[in-house]
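In my numbering, the protein residues as written are 47 to 150.
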Amino acid sequence: MTSYKLAMTTCPANESHDLAKTIVESKKAACVNVIEDVFSIYHWQGKVDTARESILIMKTTADLISDLQSVVKRAHSYEVPEFVILPIEGGTDSYLKWISEVVK
47 MTSYKLAMTT CPANESHDLA KTIVESKKAA CVNVIEDVFS IYHWQGKVDT ARESILIMKT
107 TADLISDLQS VVKRAHSYEV PEFVILPIEG GTDSYLKWIS EVVK
């Protein structure tokens with residue numbers, strides 16, 4: 047049985063659409079949701095910093111996570127891009143089947 051995953055990254059707001067398109071065109075994710083205008087506060091190089099970012103949520107299969115991570119790292123402008131994985135515990139059969147049919 048196929049295992050499905052959500053992967054998440056953040057990126058500069060002005061790069062989110064291009065990054066999402068690159069990911070979808072790679073076919074390592076069936077879909078990328080772009081959540082725009084997120085205000086992030088984080089530690090970087092010894093100080094607290096802030097940024098306007100977008101969150102990208104990617105739907106894929108477990109066997110493609112490593113390939114998806116490679117695509118994100120190659121296309122991402124951050125020195126240390128976020129890339130976290132969450133399990134998809136369930137979903138409609140038709141949606142999960144669609145993910146499997148789209149990715150490769």
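We put the beta carbon where it would ideally sit given N, CA and C, even for glycine.
Buried/exposed call for residue 81, threshold 16 Cβ in 10 Å: Mapped onto the sequence shown, residue 81 falls at position 35. The residue is exposed, with fewer than 16 neighbouring Cβ atoms inside 10 Å.
Proximity winner among 136, 138, 102, relative to residue 69 (alpha-carbon distances): Numbered from 1 along the sequence shown, position 23 holds the residue referred to as residue 69. When each option's Cα is compared against that of residue 69, the closest is 102.
Proximal residues to residue 151 (C-beta, below 6 Å), its chain only, five neighbours per side dropped: The shown model of the chain, from 47 to 150, leaves out residue 151, and the question about it has no answer.
Sequence-distant residues of its chain with Cβ nearer than 6 Å to residue 77 (five each side left out): For the purposes of this step, residue 77 is taken as residue 31 along the sequence shown, with counting starting at 1. The answer, listed in chain order, is 105.
Close Cβ partners of residue 132 (< 6 Å) along its chain, the five nearest in sequence each way excluded: Here residue 132 refers to the residue found at position 86 of the sequence shown. Contacts found: 52.
Check whether residue 73 and residue 148 have beta carbons under 8 Å apart: Here residue 73 refers to the residue found at position 27 when the sequence shown is read from its first residue. Here residue 148 refers to the residue found at position 102 when the sequence shown is read from its first residue. Yes, the Cβ-Cβ distance between residue 73 and residue 148 is below 8 Å.
Pair within 8 Å by beta-carbon distance, residue 116 and residue 56: On the sequence shown, residue 116 is found 70 positions in, with the first residue counted as 1. On the sequence shown, residue 56 is found 10 positions in, with the first residue counted as 1. Against a cut-off of 8 Å, the Cβ pair of residue 56 and residue 116 comes out as no contact.
Assigned exposure category for residue 118 - 16 Cβ within 10 Å defines buried: Residue mapping note: residue 118 aligns to position 72 of the sequence shown, counting from 1. When all chains shown are included, residue 118 counts as buried.
Length-filtered (4 minimum) alpha helix (DSSP H) runs lying within the region 62–89: 62–71
Check whether residue 50 and residue 110 have beta carbons under 8 Å apart: Working through the sequence shown from its first residue, we reach residue 50 at position 4. Working through the sequence shown from its first residue, we reach residue 110 at position 64. Contact: no.
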